[in-house]
Structure formats: structure tokens, C-alpha cells
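Student: Sequence positions in the sequence shown follow this note's numbering and run 27 to 214.
Virtual Cβ for every residue (Gly too), placed ideally from N, Cα, C.
First the structure, then my questions, so here it is.
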Amino acid sequence: MKEEKNKYESRRGFVKIFGKLLAVVPLAGLPVLLSKNTSLKGYVWQIDPYKCIACGECKTACILTPSASKCVHEHALCGYCDLCGGYLKEGAKSIGTGAEVQMCPVGAITRKYVEEPFFEYTIDEDLCDGCAKCVKGCKDFGNGSLYMQIKQDICVNCNECSIAVNCPAQAVSRMPADNQYIHKSRPV
Ligand code: SF4
Ligand code: SF4
Ligand code: SF4
């Protein structure tokens with residue numbers, strides 16, 4: 027009878043210890059699981075246009091050619107090019123030529139006249155190589171409607187973004203995948 031009781035108590039002790047282990051082991055693994063989720067899944071690389079200095083590194087630093095970093099235009103319509111005078115600066119060809127035409131070496135930007143003083147801008151993503159020349163022109167002389175963004179349908183979401191590593195302005199960081207782009211007209 028005494029032997030029976032000892033057996034029962036030792037079995038009860040084993041169940042208790044096993045139960046405690048079950049509770050502790052998953053908790054110990056949690057930080058690893060969390061770090062995996064936050065560094066890879068659900069996050070993408072993106073450029074903060076307020077930090078970007080349009081240095082041109084985006085063109086060559088990306089592992090893809092052409093770069094996944096492209097110029098975007100903030101507004102469907104813009105009339106500022108003809109007012110800011112940026113196209114009259116260095117290399118300007120004529121008074122009737124917009125800054126976007128002057129600045130883009132591969133002719134990726136076209137603008138269509140809509141009505142005074144507005145134009146509609148289109149950026150050909152296949153042509154754009156991410157040189158950021160137009161962004162620099164727009165920023166230096168105008169209101170900064172053109173800026174750089176990593177296009178998520180092109181980017182392969184590297185573990186460590188090569189542009190982020192090389193960016194002199196630390197403008198590239200991970201952000202939630204459900205908020206993939208930074209729009210200048212909306213609060214960040
Ligand atoms: S490398 Fe950085 S600062 Fe240079 S164009 Fe790209 S995002 Fe802007
Ligand atoms: S100037 Fe450079 S960044 Fe701008 S549209 Fe042309 S290729 Fe793209
Ligand atoms: S994550 Fe990779 S593919 Fe995407 S922009 Fe950075 S270097 Fe290019």
C-alpha cells in the first residue's frame with residue numbers, strides 16, 4: 027500500500043514538472059519568433075522623402091538593374107515647373123522646356139498640357155533608372171513634387187536593403203507592408 031502511494035506521488039511530481047516546462051519553453055522561444063516576424067514578414071523597405079537628399083546612389087546601390095527605386099510625382103496635376111524657374115538654371119535649353127525634361131537623362135518623364143497652368147505628369151517606370159536628377163531639380167528650385175520611392179512590385183525585399191546600407195542620408199528603413207508608400211500630401 028505504501029509502495030502504491032509512493033508511485034502515485036512520484037507520478038504526480040513528474041506531471042507537475044512537465045506542466046511547468048510546457049509553460050516555460052514556448053515563452054523562452056517567443057523573442058526569437060517575434061524578431062523573425064518584425065525583421066522579415068510584414069515589413070518592406072521604403073524611402074523617407076523628407077530625409078532623401080537625391081544623391082543618386084539609388085541608381086547604383088540597388089541589387090536590381092534598373093533600380094527598384096523610382097521617381098514618383100505627388101500630384102496628378104502640377105503647374106509649378108513653369109513658375110519656379112528651375113528649368114532656367116544650368117543646362118536649360120529654352121524658356122518653353124520644363125524642368126522635368128531638362129533633368130531626366132533617359133526621357134522617362136512626360137508632361138501633357140491640361141489647362142493653364144496645369145500639366146499632367148507621367149513617369150515611365152521601365153525607363154526610370156532611379157538617378158534622382160529630376161528629384162534634385164524639383165527640390166532645389168521648386169516645391170518638391172517629385173521624390174523617390176521603392177516600388178514594391180519591383181523590389182525583392184532583400185534581408186538587408188543595399189540602398190539602405192549605402193544611403194548617405196539614412197533615408198531608407200523598414201515600414202509596415204500595409205503602408206508601403208510615403209505620400210508627401212498625407213501626414214507620415
Ligand atoms: S541613396 Fe538615399 S539620399 Fe540618395 S537618392 Fe537614394 S534615398 Fe535619396
Ligand atoms: S531623372 Fe532619373 S529618377 Fe527622374 S525620372 Fe529620369 S531616370 Fe527617373
Ligand atoms: S530591398 Fe533589395 S531590391 Fe529592394 S530596393 Fe533595396 S536593394 Fe533594391
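Flag residue 138 as yes when its Cβ comes closer than 7 Å to any non-hydrogen atom of ligand 2, and as no otherwise.
Tutor: For ligand 2, not one heavy atom lies less than 7 Å from the Cβ of residue 138.
Student: Sorted by chain position, which residues of the same chain lie with C-beta nearer than 7 Å to residue 139's C-beta, five sequence neighbours on each side aside?
Tutor: So the qualifying residues of the chain are 145.
Student: Within its chain, find whatever has a CB closer than 6 Å to the CB of residue 207; leave out the 5 residues flanking it on each side and keep chain order.
Tutor: Within the same chain, residue 207 has close Cβ partners 175.
Student: Name, in chain order, the residues that DSSP records as bridge partners for residue 95.
Tutor: Beta-bridge pairing links residue 95 to 176.
Student: Over the uninterrupted beta strand (DSSP E) stretch that includes residue 141, give me the two end residues.
Tutor: 135-141 is the extent of the beta strand (DSSP E) around residue 141.
Student: Can you name, in chain order, every residue of its own chain whose Cβ lies under 7 Å from the Cβ of residue 155, other than the five neighbours on each side?
Tutor: Around residue 155: 85, 92, 93, 132.
Student: With DSSP run on the structure shown, which of helix, strand or coil describes residue 151?
Tutor: Here residue 151 sits in coil by DSSP.
Student: Which value, in whole angstroms, describes the spacing of the CA atoms of residue 173 and residue 185?
Tutor: Cα-Cα distance, rounded: 24 Å.
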